[in-house]
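Notes to accompany the following structure.
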Amino acid sequence: MIKNLAAVFFGFFVIAGLYAEPVGRTNKDVKPIANPILENILNGMKTNDPVKFGRDFDDTMREAFGGEKAAKTIKQIYDQVGNYKTYEYLGFLNAQGMTKILWKAKYDKTGDDVLITVVISKRNNKYLVTGLWFQ
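Just so we're aligned, residue 964 is where the sequence shown starts under the working numbering, counting upward by one.
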């Protein structure tokens, strides 16, 4: 199972929350915005494409996990759990101007469920990832 990859991605949500707004107030608002962002992250991981993987990251996340760091992180996650097979949207929480979205995922190298958490905020009419965890 994943050795708590929460440490792999550190969300900079306290700073981001100072000038951001949540994605939405209902599942009907949040899910259609969040699912494509997650799909892009997962497909970037599956194809080992760091640019696609970090396409929706904010500048702080790009700086922390861009380029070679992204490739290393993708490999680390793949080595532990493999490629995703399915994911299921669980819901969201809004706090400090951000939306924390949760999914339950299945991967091909483990029988355990993996909790994926993506923190997204809306800034300048763009939805940006400010945090990402695999647990």
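For glycine and all other residues, C-beta sits at the position ideal for the given N, C-alpha and C.
Cβ atoms of G1030 and P1013 come within 8 Å of each other, at about 6 Å.
Runs of the alpha helix (DSSP H) lying entirely within the segment 1024-1093, each at least 4 residues long, are 1030-1044 in chain order. Check the Cα spacing between K1048 and each of A1068, N1057, N990: the tightest is with A1068. The C-alpha of L1065 is placed about 18 Å away from the C-alpha of G1017.
Apart from sequence neighbours up to five positions away, no residue of its chain approaches N990 with a beta-carbon distance below 6 Å. The Cβ neighbour count for P999, taken over all protein chains shown within 10 Å, is under 16; the residue is labelled exposed.
With fewer than 16 other CB atoms across the displayed protein chains lying within 10 angstroms of its CB, D1075 is exposed.
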